[in-house]
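These protein sequences, in sequence, are chains Z and W.
For the first sequence, the positions run 1 to 150 when my numbering is used.
For the second sequence, the positions run 151 to 657 when my numbering is used.
Notes follow the structure.
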Amino acid sequence: MYANLFVKVRVPHCLMTARILIIEDEALVAMELRYVLEDLGHEVVGMASDARTARHLVRETEVDLALVDIHLSDGPTGVELGRELGQDLGVSVLFMTANPGMVRNGVAGTIGVLSKPTDERAVQTAVDYALRRRTGQLIEYAPPGLQLFG
Amino acid sequence: MSAPSDPSPAWAEADRLAALRAFDVLDTEREPAFDGIVTLIARVFDAPIAVVNLIDEERQWFKAEVGLGVRETPLATSFCAHALLEQDRMIVPDATADERFACNPLVTGESGLRFYAGQLLKSAEGLPIGTLCVLDTRVRHEGPTALQLEALEVLAAQVMAQLELRRALRQRQQSESQFQAVADSMPQMVWSTLPDGFHDYYNARWYEFTGVPEGSTDGEGWNDIFHPDDQERAWTRWRQSLTTGEPYEIEYRLRHRSGVYRWTLGRAMPIRDESGEIVRWFGTCTDIDDLKRMEQSKELLSQELSHRIKNIFAVVSALIALSARRFPEAKAFATALRTRINALARAHEFVRPHTETSRPTVGTMTLHAFLADLFKAYAGSDEAARVLLSGDDATFDDQAATSVALLFHELATNAAKYGALSVEGGHVELETRNEGARFILTWREHGGPPVAGPPKHSGFGSSLATLSVEGQLGGRLDRDWAADGLCVVADLPATALSRRRAALDVR
């Protein structure tokens, strides 16, 4: 049924592949996200369940986009981590959280927040949007389900 | 003046004695105020004896006297006891010529009293408690002069004024010490200020809690005991009350003698006089620190729990998708199940306990806000909503959330598959109407493919919608398969959306 909906919405096919880092402490959610992103042709360069591992991975690897949960295995460290990745390390950052109220006022240097649980289509459009912004492409509209900051 | 033939008083002796004793003056020390009065009246009359005489049960007792040298004498020989039966005063120019006194030993004996002038001392209720009187050994056929009578009357009134004043002062001291005892035994801190807010009283509990020296927080010193972050707020609020006369109520942190700040509830009320002017403020401070902590930890717990629940939805949703990944034939089934779970998760977000930071980022937490959020996934390519909401908004609670979410999730997915949302340009009107006892939601599809009539067999989604409305919400769900678009009416009892609140309202 989503396939149906999907054709009607003019989402351009993902023309670019990106190097994506998943920062998420629920292994099942991270795994599912990884499959979805790989199906879309992206490369998942790593999965981190805490801020320290995430920082380490970003130093070791080139990352275009990070999908960041707020509550990680070392506590609510996602907000500060997202700010650091976006502002200091040049990574595009999308928050993905079950509690989007935590970042209601926005986080400097990051794009926006996707509310969990979500679905493949919302992930695809949000990731696509983030990558288009990263490469300075024309953006027709913000995808539904993604709350933008700023 | 001669004696009335039948002297029967207008008052009862018991009342008179009670009135006398209420002044609590019998057997007290001499006082200059009264001594001065008897000295003066004796001189005005040029008489040797003057007395402030109070008539007790079996004696007359002298609060002040000149010329007698004793403080009391028996009633039997009293002139004044007779005076009490008169209206205002008694004058005896020559006691030997008055049958009431001719045989009185004070007249026949060594004392040789002849002249008497006594003005009654009357309580506010008009009961005579004694006299201010003057006595002389000289017969005065001419009687007192007008000036002497006036002096006697005025000074008798002064004696009563002095007695009343002493009684009022005593009562006030009594009520003050009663207040003190009550205030000091209260578990709260109690304070009081002048109308301009100048603190001039704190009870014992205040000093016990704060540990500051007595009197050190008079005036505006109290503000220093407040937490620095709360001082300005408390001042503003207090000044507002002083200006407007509104009751004062505020929560702030107060420094305990241990140095620790404790949350405190401060309240104050103005006391007004008969003209409505504020004459005083009375206030209390209640230590609510334990309560506050309990509230905070309860809040934290419910936040944490809610957060976990929301996360579990995400895990379940991911688990379904992962499980279906190996079985392409299960994809449609998994997607349908997953979107239902996601709809429930959205509904939970709207009804869970929230704080300022966890509140959903979109709109308010009402039915319309929730539905608008749910239907966002079905928006047109230009982001315009395709399910148009109108009518009365309502609040809904966690008990109704599941059913409402499932009902509209099923209607919307069905419309996206077969109905108005399956074609470009189609849309749905959703009207919610509060009709007193009923709450009616009408879903009307427009611009979709022509409807051929009811489907041959109803799917699970349709059963789920019916179950939600008729099973869970106690309402009725009617579907009209009109050719120009499906119309679904959910007719709910008005209380179905918020049962807990409805139960509270009944109480």
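Even glycine gets a Cβ: it sits at the ideal position worked out from N, Cα and C.
Quiz prompt | Endpoints, alpha helix (DSSP H) assigned at residue 220(W) | solution = Taking the first residue of the second sequence as position 1, residue 220(W) is located at position 70. No alpha helix (DSSP H) contains residue 220(W), which DSSP labels as neither H nor E.
Practice problem: Leaving out five residues on either side along the sequence, give the residues of the same chain with a beta carbon under 7 angstroms from the beta carbon of residue 551(W). | Solution: Along the second sequence, read from residue 1 onward, the residue named residue 551(W) stands at position 401. Hits under 7 angstroms: 497, 498, 500, 501.
Quiz prompt | residue 495(W) to residue 355(W) span [Cα, whole Å] | solution = Indexing the second sequence from 1 puts residue 495(W) at position 345. Indexing the second sequence from 1 puts residue 355(W) at position 205. Looking at the two C-alpha atoms, the distance is approximately 51 angstroms.
Quiz prompt | Residues of its chain near residue 466(W), where Cβ-Cβ distance is below 8 angstroms and the 5 sequence neighbours each way are ignored | solution = Residue 466(W) sits at position 316 when you count from the first residue of the second sequence. The answer, listed in chain order, is 491.
Quiz prompt | First and last residue of the uninterrupted beta strand (DSSP E) at residue 214(W) | solution = Along the second sequence, one-based indexing puts residue 214(W) at 64. Start and end: 209-216.
Quiz item: Nearest chain W C-beta to residue 31(Z) closer than 8 angstroms, yes or no?
Solution: Working through the first sequence from its first residue, we reach residue 31(Z) at position 31. Closer than 8 angstroms to some Cβ of chain W, the Cβ of residue 31(Z) qualifies, so yes.
Exercise. Quick one: which residues of the region 448-462 of chain W get their C-beta closer than 8 angstroms to a C-beta of chain Z? List them in chain order.
Key: Answer set for the region 448-462 of chain W: 457, 460, 461.
Practice problem: Compare the beta carbon distance of residue 23(Z) and residue 44(Z) with 8 angstroms and say whether it is the shorter of the two. | Solution: Stepping through the first sequence from its first residue, residue 23(Z) is reached at position 23. Stepping through the first sequence from its first residue, residue 44(Z) is reached at position 44. Contact flag unset, no.
Practice problem: State the Cα-Cα distance for the pair residue 557(W) and residue 65(Z), rounded to the nearest angstrom. | Solution: Start at 1 with the first residue of the second sequence, and residue 557(W) comes out as number 407. Start at 1 with the first residue of the first sequence, and residue 65(Z) comes out as number 65. Between residue 557(W) and residue 65(Z), the alpha-carbon positions lie close to 37 angstroms from each other.
Quiz item: Quick one, which of 401(W), 311(W), 647(W) has its alpha-carbon nearest residue 622(W)'s?
Solution: Within the second sequence, numbered from 1, the residue matching residue 622(W) stands at position 472. Relative to the Cα of residue 622(W), the nearest Cα in the group 401(W), 311(W), 647(W) belongs to 647(W).
Quiz prompt | Cross-chain neighbours of residue 35(Z) in chain W, by beta carbon under 9 angstroms | solution = By 1-based counting over the first sequence, the position of residue 35(Z) is 35. Using a Cβ-Cβ cut-off of 9 angstroms, residue 35(Z) is close to 471, 472, 475 of chain W, given in chain order.
Quiz item: Mind checking if residue 139(Z) is an interface residue toward chain W, Cβ cutoff 8 angstroms exclusive?
Solution: Translated into positions along the first sequence, residue 139(Z) becomes position 139. It does not: the Cβ of residue 139(Z) has no partner Cβ on chain W nearer than 8 angstroms.
Quiz item: Using the C-alpha atoms, what's the distance from residue 188(W) back to residue 232(W)?
Solution: Your numbering for residue 232(W) matches position 82 in the second sequence. Your numbering for residue 188(W) matches position 38 in the second sequence. Between residue 232(W) and residue 188(W), the C-alpha separation is close to 20 angstroms.
Exercise. Note down the Cα distance separating residue 288(W) from residue 326(W), rounded to an integer number of angstroms.
Key: The sequence position of residue 288(W) within the second sequence is 138, counting from 1. The sequence position of residue 326(W) within the second sequence is 176, counting from 1. Going by the C-alpha atoms only, they are around 51 angstroms apart.
Practice problem: Check residue 102(Z) in the structure and name its three-state DSSP category. | Solution: Numbered from its first residue, the first sequence carries residue 102(Z) at position 102. Three-state result, residue 102(Z): helix.
Practice problem: Evaluate residue 102(Z) with the Cβ neighbour count: other Cβ atoms within 10 Å of its Cβ, from every protein chain shown; 16 or more gives buried, anything less gives exposed. | Solution: Here residue 102(Z) corresponds to residue number 102 of the first sequence, with the count starting at 1. Buried is the label assigned to residue 102(Z), since at least 16 other Cβ atoms lie within 10 Å of its Cβ.
Quiz item: Smallest Cα separation from residue 334(W): which of 343(W), 310(W), 359(W), 209(W)?
Solution: Indexing the second sequence from 1 puts residue 334(W) at position 184. If you compare the alpha carbons of 343(W), 310(W), 359(W), 209(W) with that of residue 334(W), the shortest gap goes to 359(W).
Self-check item: Among 241(W), 165(W), 555(W), 226(W), nearest to residue 293(W) - alpha-carbon criterion
Solution: Position 143 of the second sequence holds residue 293(W). When the alpha-carbon of residue 293(W) is set against those of 241(W), 165(W), 555(W), 226(W), the nearest one is in 241(W).
Exercise. Could you give the DSSP three-state label for residue 12(Z): helix, strand or coil?
Key: In the first sequence, counting from the first residue as 1, residue 12(Z) sits at position 12. Summary for residue 12(Z): the model assigns pLDDT 45, below 50, so the residue's position carries little reliability; its value from the coordinates is reported in the next sentence. Coil.
Quiz item: If you scan the region 474-556 of chain W from start to end, which runs of the beta strand (DSSP E) of 3 or more residues do you find wholly inside it?
Solution: With a minimum length of 3 residues, the continuous beta strand (DSSP E) runs that stay inside the region 474-556 of chain W are 537-541.
Practice problem: Mind listing the chain W neighbours of residue 51(Z)? Cutoff is C-beta to C-beta under 7 angstroms, in chain order. | Solution: Counting from one through the first sequence, the residue named residue 51(Z) turns up at place 51. Here the premise fails: no neighbours, minimum Cβ distance about 18 angstroms.
Quiz prompt | Opening and closing residue of the beta strand (DSSP E) in which residue 643(W) lies | solution = Numbered from its first residue, the second sequence carries residue 643(W) at position 493. Unbroken beta strand (DSSP E) run through residue 643(W): 635-643.
Quiz item: Using 8 angstroms as the limit for Cβ to Cβ distance, is residue 491(W) near chain Z?
Solution: As a first step, residue 491(W) is located in the second sequence; it is residue number 341 there, counting from the start. Residue contact check for residue 491(W) against chain Z: a CB pair falls below 8 angstroms.
Self-check item: Which of helix, strand or coil DSSP assigns to residue 19(Z)
Solution: What you label residue 19(Z) is simply residue 19 of the first sequence in a count that begins at 1. DSSP places residue 19(Z) within a strand segment (E or B) once states are collapsed to three.
Quiz prompt | Opening and closing residue of the beta strand (DSSP E) in which residue 403(W) lies | solution = Reading the second sequence from its first residue, position 253 is the one you call residue 403(W). In this chain, the beta strand (DSSP E) harbouring residue 403(W) covers 398-405.
Exercise. Check distances from the C-beta atoms of the region 111-133 of chain Z to those of chain W and list, in chain order, the residues that come in under 9 angstroms.
Key: Correct list: 113, 115, 116, 117, 118, 119, 120, 121, 122.
Exercise. Indicate the three-state DSSP secondary structure (helix, strand or coil) for residue 263(W) in the structure shown.
Key: Residue mapping note: residue 263(W) aligns to position 113 of the second sequence, counting from 1. Shown here, residue 263(W) sits in coil according to DSSP, grouped into three states, outside any helix or strand.
Practice problem: Find out if the Cβ-Cβ distance for the pair residue 460(W), residue 99(Z) is shorter than 8 angstroms. | Solution: On the second sequence, position 310 is the one that residue 460(W) refers to. On the first sequence, position 99 is the one that residue 99(Z) refers to. Taking C-beta atoms as the reference points, residue 460(W) and residue 99(Z) count as a pair closer than 8 angstroms.
Exercise. Take every Cβ of the region 260-268 of chain W, pair it with every Cβ of the region 161-173 of chain W, and state whether three or more of those distances are shorter than 8 angstroms.
Key: No, they do not touch.
Self-check item: beta strand (DSSP E) segment containing residue 429(W), residue limits
Solution: Taking the first residue of the second sequence as position 1, residue 429(W) is located at position 279. Secondary structure note for residue 429(W): its beta strand (DSSP E) is the uninterrupted segment 428-437.
Quiz item: Taking the alpha-carbon positions, what's the residue 511(W) to residue 352(W) distance?
Solution: Taking the first residue of the second sequence as 1, we reach residue 511(W) at position 361. Taking the first residue of the second sequence as 1, we reach residue 352(W) at position 202. Residue confidence for residue 511(W) is low, a pLDDT of 49 falling below 50, so the modelled location carries little weight; the figure read from the coordinates is stated next. Cα-Cα distance, rounded: 47 angstroms.
Quiz prompt | residue 467(W) at chain Z interface by Cβ criterion, 8 angstroms | solution = Indexing the second sequence from 1 puts residue 467(W) at position 317. A Cβ of chain Z is located within less than 8 angstroms of the beta carbon of residue 467(W).
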